[in-house]
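Novice: The sequence shown lines up with residues 111 to 409 when you count with our numbering.
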Amino acid sequence: MLGCRVFPAPPEPYTGPQLPPNPSLEQIAAFVNGNSSKIQTIIADQGSLSAPGMPTLRTEILFERPWRLRMRGETSLSGLEMDVGSNDELFWFWVKRNEPPAFYFCRYADYDQPASIARRVVPIDPRWLVEALGVTEIDLNVPTQGPVALAGQRWEIRQQRQSVDGPMTKVVVVDGQYGFVLAQYLYDAQGRLLVSALSYDHRREPVSGLVLPRSVEVSVPASGMAFRLYLGNARINQPIPSPSVAWNMPVYQGYPLVNLADPRNFAGMVTVAGAASGCPVPAGTISSSPGLTWIPVTQ
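1. For a test of the three-state rule: what should DSSP assign to Y221, helix, strand or coil?
2. Going by other Cβ atoms of all chains shown within 10 Å of its Cβ, with 16 needed for buried, is S226 buried or exposed?
3. Can you find the residues in the same chain that come closer than 6 Å, C-beta to C-beta, to E170, ignoring five residues on each side of it along the sequence?
4. Hey, which unbroken runs of the alpha helix (DSSP H) at 4 residues or more fall wholly within the region 182–258?
5. Excluding the 5 residues preceding and the 5 following Q255 in the sequence, name in chain order all residues of the same chain whose CB lies nearer than 6 Å to its CB.
6. Would you tell me roughly how many angstroms separate the C-alpha atoms of G384 and E199, rounded to the nearest one?
7. Excluding sequence positions up to five away, which residues of its chain have a Cβ less than 7 Å from the Cβ of F337?
8. For S147, is the classification buried or exposed, using 16 other Cβ atoms within 10 angstroms of its Cβ as the cut-off for buried?
9. Rounded to the nearest angstrom, how far is the Cβ of A228 from that of Y365, given a contact under 8 Å?
10. The beta strand (DSSP E) with A332 in it runs from where to where?
11. By the DSSP assignment, the alpha helix (DSSP H) with I171 in it spans what residues?
12. Let me know if E209 comes out buried or exposed under the rule of 16 or more other beta-carbons within 10 Å of its beta-carbon.
13. If you draw a straight line from the alpha carbon of R243 to that of A307, how long is it in whole angstroms?
14. Between the alpha carbons of P253 and L172, how many angstroms are there, rounded?
15. Out of L190, Y310 and G334, which has the shortest C-alpha to C-alpha gap to R324?
16. Using the C-alpha atoms, what's the distance from R237 back to I149?
17. Can you check which of these residues, V284, P224, F203 and G289, is closest to D273 by C-alpha distance?
18. Would you list the residues sitting across from K148 in a DSSP beta bridge?
19. Ignore the nearest five residues each way along the sequence and tell me which others in Q348's own chain have a CB closer than 7 Å to its CB.
20. Identify the continuous beta strand (DSSP E) that holds V283 and give its terminal residues.
21. Could you tell me the alpha carbon to alpha carbon distance between A261 and V355, rounded to whole angstroms?
22. Are the beta-carbon atoms of E266 and V291 separated by less than 8 Å?
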């Protein structure tokens, strides 16, 4: 057993294509993948991010396949407070009130190394955020259990997934009527829950006809980190505004660059939860240098 889980209530109101009674794995996958695979971009310019112990931030959320993601949060009084981003080469995060001031980044080529300290600092792959938004698919080419019927007209599917940290199990819970992804859980080889994402209030975007949740709750139990993203009436498959700005790593004056893959920047074990809460994270920082302040990508 992988432990007890709590599921969001079925999305209402909604009308659309429905799964057949007692669907097969292939039928559920066709529903989930048929929607997700068609989502190329997401623009949520009236979103928000909330977390325990911090004010709600008005947040612009942008996504473009495969892993480009940008979330910038602000308040009306203090301006920009947070910047989390990812392009094809690297990811970064910045919190204005972090002490000491720092701008954290890591190239995926470094993060994906088994011995990388970045995997200890950021134990959950940042690419999971894309899946949490609802851009996730059911792989029919990996060992799979299910679908197993759950209470409340839901189906559970468990799949093995390989990572540089060893085998993991991904659990997906889908709505039995409309095939929405209601919940996603990732467990390590010992059955410990690493991260969860619960999706609420799904809507069909009128222009594309594709479906996304209006809000997502993400939790990382080991670090105590939890937050809720509100996407609202996000637009799907529309051009990203100013892509050269959206997908390039920014520079914030007064915040030295800290490469999460460089062990010289860390004296002990740290987590993103510490950085997000404003607690000191690195033992030292590195100064900006040519080639690190602006990472271009192909548009």
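Quick reminder that beta carbons are idealized off the backbone N, C-alpha and C, glycines included.
Specialist: On the basis of the coordinates in this document:
1. helix
2. By the Cβ-count criterion, S226 is buried, with 16 or more other Cβ atoms from all chains shown falling within 10 Å of its own Cβ.
3. D155 and R182
4. 218–221, 228–231 and 238–242
5. R268
6. For G384, the pLDDT reaches just 42, beneath the cut-off of 50, and the residue's location in the model is therefore unreliable, although a value from the coordinates is still provided. Each residue's Cα considered, the two are about 24 Å apart.
7. Taken in chain order, the residues that qualify are L159, S160, A161 and V328.
8. exposed
9. About 18 Å separates the two Cβ atoms, so there is no contact after all.
10. A332 -> no beta strand (DSSP E), and no H or E assigned at all.
11. Looking at the DSSP string, I171 is not in any alpha helix (DSSP H); the run it does join, the beta strand (DSSP E), is M164 to E174.
12. exposed
13. For clarity, residue 243 is Leu in the given sequence; the question names Arg instead. Using only the alpha carbons, I get a separation of about 8 Å.
14. A direct Cα-Cα distance of roughly 32 Å separates P253 from L172.
15. Y310
16. 16 Å
17. Asp is not the amino acid found at residue 273; the sequence shown has Ser there. With distances taken between Cα atoms, S273 lies closest to P224.
18. None, per the DSSP bridge assignment.
19. The residues are T151 and I153.
20. Looking at the DSSP string, the run of the beta strand (DSSP E) that includes V283 is G276 to D285.
21. C-alpha separation (whole angstroms): 46 Å.
22. no
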